[in-house]
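Chains as they are written, first to last, in our numbering: chain A, 3 to 332; chain B, 3 to 332; chain C, 3 to 332; chain D, 3 to 332. Idealized CB from N, CA, C, for every residue including glycine. Computed from a prediction, not measured in an experiment: that's the story for all the values here.
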């Protein structure tokens with residue numbers, strides 16, 4: 003799980019949220035950011051493309067394509083909707099991947115399997131149909147329609163003592179895949195996006211600039227091959243919620259007071275100064291290490307991991323009809 | 003994990019927090035609530051006794067004894083401190099238990115093993131030294147200094163379809179123990195108490211009155227034998243944090259404005275109305291099911307479970323010197 | 003996992019194996035044992051009924067009905083076959099259950115979740131659709147076609163210190179179900195039956211008479227309601243394999259020597275005496291606690307648990323079409 | 003888990019068993035194989051050194067040093083003995099490692115975490131004190147007496163699609179450690195060695211030559227740095243047990259018959275031919291994939307993993323007194 007900052011306090015890994023935040027400030031379309039949306043089968047699909055250097059800077063997100071599938075219904079157990087989301091995810095992933103049928107793919111499940119909200123990547127890898135060794139040693143057992151897929155969940159720095167990007171570089175040099183897919187749990191800004199949103203990006207993964215976050219990126223620049231990042235928000239940072247709460251309250255206070263009221267100014271000036279102090283006081287002592295998650299996090303992560311694994315299997319192996327994606331899970 | 007309300011929004015299962023909240027409101031000692039504190043080995047021990055019906059009502063906690071051990075150092079990995087806390091916990095537990103050496107004990111690990119912050123009870127049970135069957139079938143293999151201990155982690159209503167208290171009643175009727183110890187994860191009000199505080203109570207467990215919380219209690223009244231409750235706070239409800247944040251901010255605003263200022267009244271009146279609306283807006287859609295926990299929750303629960311299991315083993319079996327409590331864990 | 007003896011050394015929990023063994027000795031049909039077989043969809047279904055007291059004694063199996071589904075193809079991952087087996091299992095289970103649509107059912111997952119081959123029962127319970135509490139508290143959320151189902155995995159004597167049958171008795175007295183289904187991992191005699199065979203019996207579970215096996219039975223006699231036992235062999239006792247190996251070798255030796263040969267007699271007499279000594283020597287020091295299992299035991303247990311849970315859900319809740327059994331798993 | 007053959011049917015990864023087998027055949031000391039034994043604290047320590055090319059061939063084990071610690075008492079839960087074994091293991095490991103205090107070490111946990119008897123390596127890695135990243139980023143938090151240690155459990159070919167030796171090579175090229183320690187579950191010939199024996203070898207790991215076992219080795223030749231292999235036998239192959247049983251029986255038969263008896267010759271000639279057929283018949287259909295393990299395998303693997311992790315931590319970090327090895331486990 004990595005985090006990147008759009009503005010102070012608010013951490014989001016989702017390009018759509020970065021855009022929303024920026025739009026909220028500037029209240030007009032952002033040059034260099036293209037947007038396309040589609041609503042189908044109860045799923046809201048957003049395709050954002052960041053095309054200029056300047057938009058990259060303002061958004062705090064690398065130039066490239068970001069596709070988001072949002073299905074609020076996933077919050078409830080709904081196997082029919084899960085299957086629909088899986089099918090559309092497969093389609094969108096294929097649209098962004100763009101490799102030929104024989105090209106080999108390495109899938110990396112990022113994150114810490116000991117920490118439930120961070121275990122999404124390793125859990126997806128567990129259910130992938132890994133074929134590289136079979137195609138090399140006993141290709142006849144598989145038949146047509148499978149490409150070489152390998153997979154690893156390398157763990158996190160605290161578990162291995164090695165930067166994840168270094169482990170991946172070493173592996174890529176040996177396996178020489180044509181494409182890397184990196185799966186990771188994300189931080190969102192908005193609680194409604196937890197476990198209901200999937201982001202696909204062709205930009206790879208750029209770690210945040212926060213303290214203790216000096217990990218190198220996982221992208222074409224560092225790895226040498228195209229990197230597709232797939233992520234699902236599983237937590238909202240407690241600081242984000244706190245900031246949201248206080249901002250909403252201040253906005254409500256100021257609106258009711260009216261701009262001309264003396265109260266308005268007082269609230270505004272006081273607020274700016276006190277906000278931080280109050281947040282520090284309340285969120286101390288666990289500070290930056292606090293997260294907000296739904297209580298049923300374990301089930302939600304498990305369900306999403308199965309959905310993603312099935313849909314990635316279907317995208318990578320033409321032999322697996324999307325409808326039967328679930329069949330090849332262990 | 004159960005929750006009980008002291009006042010609106012604020013949920014805490016800790017008697018010391020209920021007292022703090024009430025003291026904050028009334029700003030004087032509460033009649034019918036006795037208090038005794040001790041600081042030793044870096045541990046702050048508080049012994050609260052609620053002795054009157056009226057204090058029970060005001061505190062929202064049953065009449066009886068509540069002992070709390072607080073060791074903020076537990077937030078960091080510190081095996082030496084863990085051992086000290088275990089020793090003092092053993093001592094306090096023995097002071098409240100008050101049964102003879104041959105009396106039999108049933109330990110119940112409450113909570114849902116699939117939900118990390120609620121898995122404390124089942125995890126403790128896993129490491130208990132269970133002896134009832136050995137003392138019945140092959141007593142000679144154990145030697146002196148062991149009492150009959152049995153244990154069960156019955157799961158939660160959603161897993162079994164049966165009220166936990168009913169499962170326990172059925173079991174107690176068969177096993178006929180002299181004492182029941184129930185271990186449960188708690189909700190705290192204060193983040194600093196997460197995974198650093200242990201509460202022992204001789205009142206059993208009274209479920210909150212909230213919606214969906216109609217479970218019967220587990221206490222001498224329902225079970226027919228003394229019930230000791232042991233609990234550790236593992237989550238703070240997101241609503242509690244939100245309430246805290248907003249209250250702190252409003253207090254700061256009002257203080258700076260000064261009571262005579264017109265701002266003061268405006269803020270106050272507006273605040274009362276808006277607080278709830280803002281909280282509902284931000285915490286929606288997961289509403290009441292959101293929790294705030296440290297990111298390293300998995301490790302913190304594991305560590306605390308080992309500490310408690312070792313210390314309960316030492317308390318129940320005189321043969322196990324407290325110093326060697328860890329030795330009998332699996 | 004319980005074990006019962008047909009003859010010395012050979013332990014099997016399967017009625018069909020008990021019958022095979024007895025047939026091998028007496029070489030004729032056994033009075034009081036009725037047999038009916040069917041081959042369908044690659045599944046061999048055997049329905050054995052033991053109808054007399056004498057047959058019960060000779061077979062070492064209680065009077066009653068035993069249905070066995072054998073599908074050797076389950077040894078390989080084959081989701082289509084799994085679905086067929088699930089459908090036929092549902093049908094056979096319904097034929098033996100014979101309760102009305104509103105009758106309530108308690109499902110018990112026997113065995114030790116910490117020991118993979120013994121974890122089948124608890125694993126099945128994990129994926130059951132438990133409805134008793136919903137039908138009591140919020141029946142409107144479920145709609146038609148669901149009966150009250152509750153479930154518990156009580157653990158084993160070594161974990162709880164309490165006889166499993168006592169825990170179940172206590173629970174039955176509180177829940178008052180109309181039927182109990184007990185799921186357990188079994189020991190087979192024949193390796194080919196591991197993870198490929200499911201036995202349904204209307205006799206409940208009678209524990210073996212071996213040392214340390216004094217657990218009371220779980221049957222209509224001890225529980226007071228009908229008990230259906232569902233079991234899958236997951237291990238062969240090492241002693242069984244050893245006995246098999248030696249018996250096969252001796253048979254081969256004797257056959258080649260010819261009955262008239264002096265070798266025949268010598269081998270026979272020597273063999274009878276040495277067999278036990280050799281087995282004791284080789285299987286010491288883990289003796290009776292050794293098991294033989296396929297290396298992929300973890301996956302095989304997981305797959306079978308899902309199959310059974312889905313099929314039991316479909317059998318108990320008319321609303322769940324057998325074809326969609328998998329959909330209601332968590 | 004790898005396996006190597008000393009003679010047909012008998013698979014053992016232990017040099018002491020290879021030696022025993024060879025001694026059993028040739029009935030004299032083997033040139034080029036040096037032996038040294040020691041009995042201390044209830045532990046039998048054997049130091050075997052294979053010094054010639056010819057001995058390597060006859061033993062089926064690479065030239066180098068093999069140290070074995072055997073403590074039959076480990077079969078029972080015995081924390082005192084565990085601590086003694088840990089201390090002696092630390093000492094022996096240090097004697098074979100021979101690197102300076104600042105040298106960096108990479109520990110690899112081989113095997114499949116989904117298969118209990120093969121999960122030893124990954125389980126040990128989980129409890130290691132990994133320091134490489136701390137010494138690089140925040141050395142001041144550790145103090146003196148820690149060397150840079152990194153660790154990875156790379157999984158097995160069927161999980162990743164990549165040869166484990168390739169993953170390790172890639173990692174070594176990035177991390178550039180001075181020494182590699184590889185931990186693996188082993189196959190023994192003798193049941194009494196399961197979970198009671200630890201082997202340390204300075205030869206690295208040479209995979210068996212069996213079918214499906216074409217994995218490259220992990221040794222100084224393939225990795226470029228010294229490789230210490232640490233292993234514990236957790237299974238005996240079912241074929242080994244079968245072979246043992248039959249051989250013992252035939253030996254007993256022949257001995258009682260007497261060499262001059264006509265029975266002797268018949269048994270011998272018949273036996274040679276039938277042995278294989280009988281084994282194939284009985285062990286079919288799971289054939290080579292069957293293993294024999296104690297029923298409590300899960301607990302035994304867990305206990306041994308803790309012992310090894312604690313002892314390796316103590317060996318690698320001078321700051322960790324061997325006596326306190328357990329303290330630094332998570």
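Here residue 29 of chain C is exposed, its C-beta having fewer than 16 other C-beta atoms within 10 Å.
Checking the DSSP bridge columns, you'll see residue 68 of chain C partnered with C:50 and C:203.
For the alpha helix (DSSP H) assignment, the uninterrupted runs of no fewer than 4 residues enclosed by the stretch 130-164 of chain D are, from N- to C-terminal side, 134-139 and 159-162. With fewer than 16 other Cβ atoms inside 10 Å of its own Cβ, residue 139 of chain D counts as exposed. In this structure, residue 106 of chain C and residue 180 of chain C form a Cβ contact; the two beta carbons are roughly 5 Å apart against a cut-off of 8 Å. With a threshold of 16 other beta carbon atoms within 10 Å, residue 146 of chain B falls short and is exposed. Among the residues of chain B, those whose CB is under 7 Å from the CB of residue 297 of chain A are 117, 291 and 293, following chain order. For residue 303 of chain D, the enclosing alpha helix (DSSP H) has its first and last residue at 299-318. Judged by DSSP in its simplified three-state form, residue 13 of chain D adopts strand. Counting of Cβ neighbours within 10 angstroms places residue 37 of chain C among the exposed residues, the total staying below 16. The C-beta of residue 42 of chain B has fewer than 16 other C-beta atoms within 10 Å across all chains shown, which makes the residue exposed. The stretch 279-293 of chain C and the stretch 255-266 of chain D do not touch, with fewer than 3 CB-CB distances between them shorter than 8 Å.
Burial state of residue 160 of chain D is exposed, judged by a 10 Å Cβ sphere holding fewer than 16 other Cβ atoms. For residue 121 of chain C, the closest C-alpha among the options C:234, C:93, C:150 and C:70 is that of C:234.
Counting every other CB atom within 10 Å of its CB across the protein chains shown gives residue 282 of chain B a total below 16, marking it as exposed.
One finds 250 in chain A with Cβ atoms closer than 8 Å to the Cβ of residue 283 of chain B, taken in chain order. The beta carbon of residue 123 of chain A lies closer than 8 Å to those of 110, 111, 112, 113, 155, 184, 185, 186 and 187 in the same chain, with the five residues before and after it left out. By alpha-carbon distance to residue 108 of chain B, the top candidate from B:305, B:150, B:84 and B:118 is B:150.
The Cβ neighbour count for residue 63 of chain C, taken over all protein chains shown within 10 Å, is at least 16; the residue is labelled buried. Counting the other Cβ atoms within 10 Å of the Cβ of residue 72 of chain D gives 16 or more, which makes it buried.
Around the beta-carbon of residue 78 of chain D, fewer than 16 other beta-carbon atoms lie within 10 Å, marking it exposed. Under DSSP, residue 36 of chain D forms a beta bridge with D:51.
At a cut-off of 8 Å between beta carbons, residue 152 of chain D contacts chain A. Listed along chain B are 154, 169, 172, 173, 176 and 177, each with a C-beta nearer than 9 Å to that of residue 169 of chain C. From the beta-carbon of residue 162 of chain C, the residues of chain B found nearer than 7 Å are 132, 152, 153 and 154.
Within its own chain, the residues whose Cβ lies closer than 6 Å to the Cβ of residue 317 of chain A, once the five positions on either side in sequence are excluded, are 92, 95 and 96, listed in chain order.
Counting C-beta pairs closer than 8 Å gives three or more between the stretch 219-233 of chain C and the stretch 167-177 of chain C, which meets the contact rule. In the three-state scheme derived from DSSP, where H, G and I count as helix and E and B as strand, residue 198 of chain D is classed as coil. Residues of chain C with a Cβ closer than 9 Å to the Cβ of residue 301 of chain D are, in chain order, 116 and 117. Within chain C, the residues placing a beta-carbon under 9 Å from that of residue 243 of chain D are 240, 243, 244, 247, 284, 285, 292 and 294, ordered along the chain. Taking the beta carbon of residue 159 of chain B as reference, the chain C residues within 7 Å of it are 135, listed in sequence order.
In its chain, beyond the 5 residues on either side, no residue has a beta carbon closer than 6 Å to the beta carbon of residue 280 of chain C.
Closest option to residue 33 of chain D, judged by alpha-carbon separation, among D:313, D:53 and D:101: D:53.
Listed in chain order, the non-local C-beta contacts of residue 61 of chain A below 8 Å within the same chain comprise 8, 17, 20, 21, 24, 32, 35 and 52, local neighbours out to five positions each way being set aside. Taking residue 194 of chain B as the centre and dropping the five residues before and after it, the same chain places the C-beta of 74 closer than 7 Å to its C-beta, in chain order. Apart from the 5 residues on each side of it in sequence, residue 119 of chain C sits with its Cβ closer than 8 Å to the Cβ of 3, 187, 236, 237, 293, 295, 299 and 303 in its chain, given in chain order.
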